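Its first residue numbered 1, the sequence shown is counted upward by one per residue in full-length UniProt numbering. Note that the Cβ used here is the ideal one computed from N, Cα and C, for glycine as well. Being a predicted model, the structure only gives us computed values, none of them experimental. Please read the structure below before turning to the comments.
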Amino acid sequence: MTTIYPVVWSNNKVLLIDQTCLPSQYTLVEISRYEDMAKAIKTMIVRGAPAIGVATAYGMYLGAREINTKERETFLKQLEEVAEILRQTRPTAVNLFWAISRMLKIAYETIGTVEEIKNTLLETAEKINAEDLQTCQDIGKNSLQIIPPNPDKLSILTHCNAGALATAGYGTALGVIRSVWTAGRLKRVYADETRPRLQGAKLTAWECVQEKIPVTVISDNMAAHCMQKGLIDLVVVGADRIAANGDAANKIGTYGVAVMAKMHNIPFYVAAPLSTVDYSLKNGDLIPIEERDPSELYQIGDSVIYPDGVDYYNPAFDVTPAKLITGIITEQKTVKPEELISLKPELSYH
């Protein structure tokens, strides 16, 4: 099995797989300053809610490392400023805010010198990284319980990329697919290309090719047709933020896939760690939706594909209502959306 780790701590710096270069070029970017990490998150060199959380944790440490003071209160004040810069990068991915809150809590609670606080922050970032990898593997393991008992192999549709590239490794939705493939129950993956940034065509397909998992890329507007023709048995997607009632924000277009799955009686699952659940939000209407630069829509490479004079609307995410979700696969177990509240951890960083 090919091992893909998008965020790695090595030789006192962070190595990121530059996901904007895939699939044509595999490039590593070295990050040693928190401002560079903020830029990498903003420009989607690193992307996917869990991976953003891991990268942000390391970004907090890098920022702490740059603070030149031995005074505890001065250090904490400047660390809060680092946190605020990181908060401004991607508003929808809740793991970013979760990681910042956890790192700040550790900083405030650590008794000792500023240097000891910095060491503890690095240890915490590495722990967050390791925890996320284990969480994804547990999500994949738990997903096998939702697979129908009949011996037929399944064709699974996914939207965007919720694979190893979007996490510390292994993946959430694509982690489910990996587990089903390893169990010998997968026939084929159908990957929506996922306009406008094409994460499905570029990233999900690339990951599948690395592991020789059969994959067919379809344009986003083909999903209903494939369902109608009986080509899809199951849909599984990731999430960037889930409200307490189970409403789930994921890459733009996910809501439409859920509506189509409901129409064709196809199970629709969300795979996500509990760190992606924002229990402070009652429902999905409260999830902030990031709007990105319109050039993602109208420009491919150096070519402008739309006429002058048109307006643009480019939300990066949409919210799928809980009523359209068959179940949410977490590291603990798979639950119905209305049961998600039962998994609320005693300690929450949201």
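Taking Cβ positions only, does residue i come closer than 8 Å to chain D?
i	result
Val257	Any reference to chain D falls outside this structure, which holds one protein chain only.
Helix, strand or coil for residue i? Go by DSSP, reduced to three states.
i	result
Asn250	strand
Gln299	strand
Ser10	strand
Asp278	strand
Thr69	coil
Pro315	strand
Glu338	helix
Gly309	coil
Thr3	coil
Ile287	coil
Lys16	Position check: residue 16 holds Leu in this sequence, whereas Lys was assumed. Three-state DSSP puts Leu16 in a strand.
Leu22	coil
Gly327	strand
How many angstroms separate the CA atom of residue i from the CA atom of residue j?
i	j	result
Asn95	Pro148	31 Å
Pro267	Leu324	9 Å
Glu35	Asp138	33 Å
Pro214	Ala191	10 Å
Tyr312	Leu297	8 Å
Gln25	Ile252	25 Å
Ala64	Arg33	10 Å
Val29	Thr124	22 Å
Ser280	Ala244	7 Å
Thr254	Arg178	20 Å
Ala224	Ala271	21 Å
Asn314	Val217	22 Å
Val180	Val189	11 Å
Ile31	Asn11	11 Å
Among the candidates the options, whose CA atom is the shortest distance from the CA of residue i?
i	options	result
Leu343	Leu122, Cys208 and Ile242	Ile242
Leu198	Ile52, Ile289, His159 and Gln134	His159
Ile100	Ile52, Asn68 and Gly112	Ile52
Glu80	Thr89, Arg90, Ala93 and Lys105	Lys105
Leu234	Glu207, Leu174, Asp240 and Thr20	Leu174
Ala164	Trp206, Glu115, Ile31 and Asp278	Trp206
Arg292	Ile156, Leu16 and Pro196	Pro196
Asp285	Asp247, Gly309 and Leu76	Asp247
Thr120	Ser10, Glu84, Ala183 and Tyr58	Tyr58
Ala49	Val304, Ile341, Asp302 and Val237	Val237
Lys187	Asn68, Ser303, Tyr170 and Leu154	Leu154
Report back the beta-carbon spacing between residue i and residue j to the nearest angstrom; my notes put them in contact at under 8 Å.
i	j	result
Tyr269	Gly327	5 Å
Asn129	Val7	7 Å
Arg47	Ala166	7 Å
Val319	Ala261	Incorrect: roughly 16 Å between the Cβ atoms, too far for contact.
Glu331	Leu274	7 Å
Thr89	Ile41	4 Å
Lys202	Leu22	6 Å
Ala322	Thr92	Actually they do not touch by this definition, with Cβ atoms about 17 Å apart.
Could you tell me whether any non-hydrogen atom of the ligand PLP is closer than 7 Å to the CB of residue i?
i	result
Ile289	Summarising the ligand content, the structure contains no ligands, and the ligand PLP is consequently not present.
Continuous beta strand (DSSP E) assignments of at least 3 residues falling wholly in the stretch 181 to 214: With a minimum length of 3 residues, the continuous beta strand (DSSP E) runs that stay inside the stretch 181 to 214 are 186 to 192.
Whole runs of the beta strand (DSSP E) within the stretch 215 to 273, excluding any shorter than 3 residues: With a minimum length of 3 residues, the continuous beta strand (DSSP E) runs that stay inside the stretch 215 to 273 are 215 to 218, 234 to 237, 241 to 243, 248 to 251 and 268 to 271.
Runs of alpha helix (DSSP H) wholly within the stretch 106 to 175 (minimum 4 residues, chain order): With a minimum length of 4 residues, the continuous alpha helix (DSSP H) runs that stay inside the stretch 106 to 175 are 114 to 143.
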